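Enquirer:
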Amino acid sequence: MRVLTVIGNRPQFVKAAAVSRLLRDAHEELLVHTGQHYDDELTTVFVEELGIPRPERELGLGTGTNTEQTARMLAALGPLIAAERPDAVLVYGDTNSTLAGGLAAAQARVPVAHVEAGMRSFDRAMPEELNRVLTDHLSDLLLCPSATAVANLEAERVAGRVELAGDVMVDVARLFQPRAAADDAPLQRAGVEPGGYVLVTAHRAGNVDDPARLERLVELIAGLPVPAVLPLHPRTRARLRASALLDRLDGNPGILVTPPLGYLDFTALLCRAQAVLTDSGGVQKEAYLAGVPCVTLRDTTEWTETVEAGWNVLVDLDATAAYAALERTPPPRRPDLYGDGHAGARVVEALATLI
Ligand code: UDP
């Protein structure tokens, strides 16, 4: 069978790493990169490190608002799908590329498979939530990372077939975390000791696009009682510059501000951190898998099981709550919440049922 896969941003490169190679062993894949993320730090480095095939098509559609991006992607993907006539279109996660790929395929009457289906924060103010809900309702095959996701889709009575595949990011984390955890070099380069720092990431629109919330975020990070490593997403860097707030972090002796890191360096720093502070979806889950407590800089999460298991605390931008969360001792148990590390194989198997 021929599968046209649409990816476009950093976490989708990570997710594709669990599927693309396996898919190509059995079938034909055309990997299309929309260019939603276009910096090498957010894309090329993952192709090299994670062994993802180089995308066959690069659409270069990175800039603009969410609606402009989605519209331009639809306009480009429609004719591409019509010309290629794949047996299925595969999309991942919750980005503009996910929605555009899914909708363009559905309109061309090509079956759509959605990996990471059924995740919900129940916060429609998040652009990602709109992308998730809409993509799930136009998909033919909904591949869920968790039982909660399956239950969410059953409650919404989606039209497509729902399967519990497990989480493809678990496959990648299981493969790379042991190696990364044994690598001291990224910690030495960052000038930090194992367990003696926190790793911080923040880039959600809800935290960085509103100047008042951005200032609260900066105050929270600047007031951390332990050294922090902060790989800065280009979007966040741009917003900090525009609000003249970058110096409060970059000039702070307790904070190491770096460019976005490659997956292996980032994973090394994640595995040895005292805790992770983040508003990322993927990073919350990777912290759990690495046995590192997570403090989430949002008031909702799709990864609710990590909170219920006691390894993740939602603090929004409340600095006092964030510092208190750092004092918590994580529980002794860390059950396998998101599958056994073979989700990629299940995705490939399920795709074959679409022809
Ligand atoms: N990541 C990375 N380098 C960084 C920050 C994150 O490799 O400097 C990886 C991280 O390990 C995870 C993915 O990028 O696999 C998460 O991406 P992001 O936070 O951009 O997306 P989200 O999961 O929030 O959609």
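Using the numbering used here, the first residue of the sequence shown is number 11, and each one after it goes up by one.
Using N, Cα and C, we set each Cβ at its ideal position, and we do this for glycine too.
Predicted, not measured: the structure shown is a model, and the values here were computed from it.
Cβ of Pro155 versus every heavy atom of ligand 1: is any distance shorter than 7 Å?
Expert: As a working mapping, residue 155 is identified with position 145 in the sequence shown. Ligand 1 never approaches Pro155 closely enough for any of its heavy atoms to be under 7 Å from the residue's Cβ.
Enquirer: Is it the case that the CB of Gly291 approaches a heavy atom of ligand 1 more closely than 7 Å?
Expert: On the sequence shown, position 281 is the one that residue 291 refers to. Flag set: Cβ of Gly291 near ligand 1.
Enquirer: Please list, in chain order, all residues of the same chain as Glu38 whose beta carbon is under 8 Å from its beta carbon, the five residues on each side excluded.
Expert: Here the question's residue 38 lines up with position 28 in the sequence shown. Here the set comprises Met11, Arg12, Val13.
Enquirer: Please state whether DSSP places His213 in a helix, a strand or coil.
Expert: Counted from its first residue, the sequence shown places residue 213 at position 203. Coil, per DSSP.
Enquirer: What does DSSP give as the partner residues of Val42 in its beta bridges?
Expert: Numbered from its first residue, the sequence shown carries residue 42 at position 32. Looking at the DSSP assignment, Val42 forms a beta bridge with Val16, Arg67.
Enquirer: Taking only the alpha-carbon atoms, compute the straight-line gap between Ala252 and Gly233 and give it to the nearest angstrom.
Expert: The residue given as residue 252 occupies position 242 in the sequence shown. The residue given as residue 233 occupies position 223 in the sequence shown. The straight-line gap from Cα to Cα measures roughly 21 Å.
Enquirer: Contact between the stretch 134-154 and the stretch 233-247: three or more CB pairs below 8 Å?
Expert: no
Enquirer: For ligand 1, I want to know if Glu296 counts as a neighbour, meaning its beta carbon is within less than 7 Å of at least one of the ligand's heavy atoms.
Expert: As a first step, residue 296 must be located in the sequence shown, where it is residue number 286. At least one heavy atom of ligand 1 is nearer than 7 Å to the Cβ of Glu296, so yes.
Enquirer: Would you kindly report the start and end of the unbroken beta strand (DSSP E) that includes Pro241?
Expert: To locate residue 241, count along the sequence shown from 1; it is residue 231. Per DSSP, Pro241 belongs to the beta strand (DSSP E) from 238-241.
Enquirer: What does the Cβ neighbour count give for Ile365, buried or exposed, with the cut at 16 atoms within 10 Å?
Expert: Here residue 365 corresponds to residue number 355 of the sequence shown, with the count starting at 1. Per the 10 Å Cβ criterion, exposed.
Enquirer: Can you find the residues in the same chain that come closer than 8 Å, C-beta to C-beta, to Arg223, ignoring five residues on each side of it along the sequence?
Expert: As a position in the sequence shown, residue 223 is number 213, starting the count at 1. Counting only Cβ-Cβ distances below 8 Å, and skipping sequence neighbours, we find Gly216, Asn217, Leu327.
Enquirer: The beta strand (DSSP E) with Glu173 in it runs from where to where?
Expert: Translated into the one-based positions of the sequence shown, residue 173 becomes position 163. Looking at the DSSP string, the run of the beta strand (DSSP E) that includes Glu173 is 171-174.
Enquirer: Quick one, which of Leu279, Arg142, Ala334 has its alpha-carbon nearest Leu209's?
Expert: Numbered from 1 along the sequence shown, position 199 holds the residue referred to as residue 209. The option with the nearest alpha carbon to Leu209 is Leu279.
Enquirer: So, does the stretch 180-198 touch the stretch 254-263, judging by three or more C-beta pairs under 8 Å?
Expert: no
Enquirer: Tell whether a beta-carbon distance below 8 Å holds between Thr310 and Phe132.
Expert: Taking the sequence shown and counting its residues from 1, one reaches residue 310 at position 300. Taking the sequence shown and counting its residues from 1, one reaches residue 132 at position 122. In contact: Thr310 and Phe132 (Cβ atoms closer than 8 Å).
Enquirer: Return the residue from the list Arg64, Ala127, Gly112 that minimises the CA-CA distance to Val357.
Expert: Locating residue 357 in the sequence shown gives position 347, where the first residue counts as 1. The shortest Cα separation from Val357 among Arg64, Ala127, Gly112 belongs to Ala127.
Enquirer: So within the stretch 68-146, which uninterrupted alpha helix (DSSP H) runs reach at least 4 residues, ignoring any that extend past its ends?
Expert: 76-94, 106-117
Enquirer: Regarding Gly272 and ligand 1, is the C-beta to nearest heavy atom distance less than 7 Å?
Expert: Position 262 of the sequence shown, counting from 1, holds the residue named residue 272. For ligand 1, at least one heavy atom lies less than 7 Å from the Cβ of Gly272.
Enquirer: Are there any heavy atoms of ligand 1 lying less than 7 Å away from the beta-carbon of Val24, as far as the coordinates show?
Expert: Within the sequence shown, residue 24 is the residue found at index 14, counting from 1. Under cutoff, so the answer is yes.
Enquirer: One question on the structure: do Pro341 and Ala355 come within less than 8 Å of each other, judged by their Cβ atoms?
Expert: Against the sequence shown, residue 341 aligns to sequence position 331. Against the sequence shown, residue 355 aligns to sequence position 345. For Pro341 and Ala355, no; Cβs fall outside 8 Å.
Enquirer: Taking DSSP as the reference, what is the three-state secondary structure of Val178?
Expert: By one-based count along the sequence shown, residue 178 stands at place 168. Helix, per DSSP.
Enquirer: Ala111: buried (16+ other C-beta within 10 angstroms of its C-beta) or exposed?
Expert: By one-based count along the sequence shown, residue 111 stands at place 101. Sequence check: residue 111 is Gly here, not Ala. Buried.
Enquirer: Let me check understanding here. Comparing Cα to Cα, which of Ala283, Val42, Arg189 lies closest to Leu71?
Expert: Along the sequence shown, read from residue 1 onward, the residue named residue 71 stands at position 61. It is Val42 whose Cα lies nearest to the Cα of Leu71.
Enquirer: Would you say the beta carbon of Thr8 is closer than 7 Å to some non-hydrogen atom of ligand 1?
Expert: Residue numbering for the chain in the displayed model covers 11 to 365; residue 8 lies beyond these limits and cannot be assessed.
Enquirer: Can you tell me where the beta strand (DSSP E) holding Leu267 begins and where it ends?
Expert: As a working note, residue 267 is residue 257 in the sequence shown. Looking at the sequence shown, residue 267 is not Leu but Val. First-last of the beta strand (DSSP E) with Val267: 265-268.
Enquirer: Is Thr44 near ligand 1, going by C-beta to nearest heavy atom under 7 Å?
Expert: Within the sequence shown, residue 44 is the residue found at index 34, counting from 1. No, ligand 1 has no heavy atom inside 7 Å of this Cβ.
Enquirer: Within this structure, are the beta carbons of Gly18 and Thr44 separated by less than 8 Å?
Expert: Position 8 of the sequence shown, counted from the start, is the residue given in the question as residue 18. Position 34 of the sequence shown, counted from the start, is the residue given in the question as residue 44. Yes, Cβ-Cβ distance for Gly18 and Thr44 is below 8 Å.
Enquirer: Taking the runs of the beta strand (DSSP E) that are 3 residues or longer, which of them lie wholly in the stretch 311-337?
Expert: 322-324
Enquirer: For ligand 1, any of its heavy atoms closer than 7 Å to the Cβ of Thr54?
Expert: On the sequence shown, residue 54 is found 44 positions in, with the first residue counted as 1. Checking every heavy atom of ligand 1 against the Cβ of Thr54, none is found closer than 7 Å.
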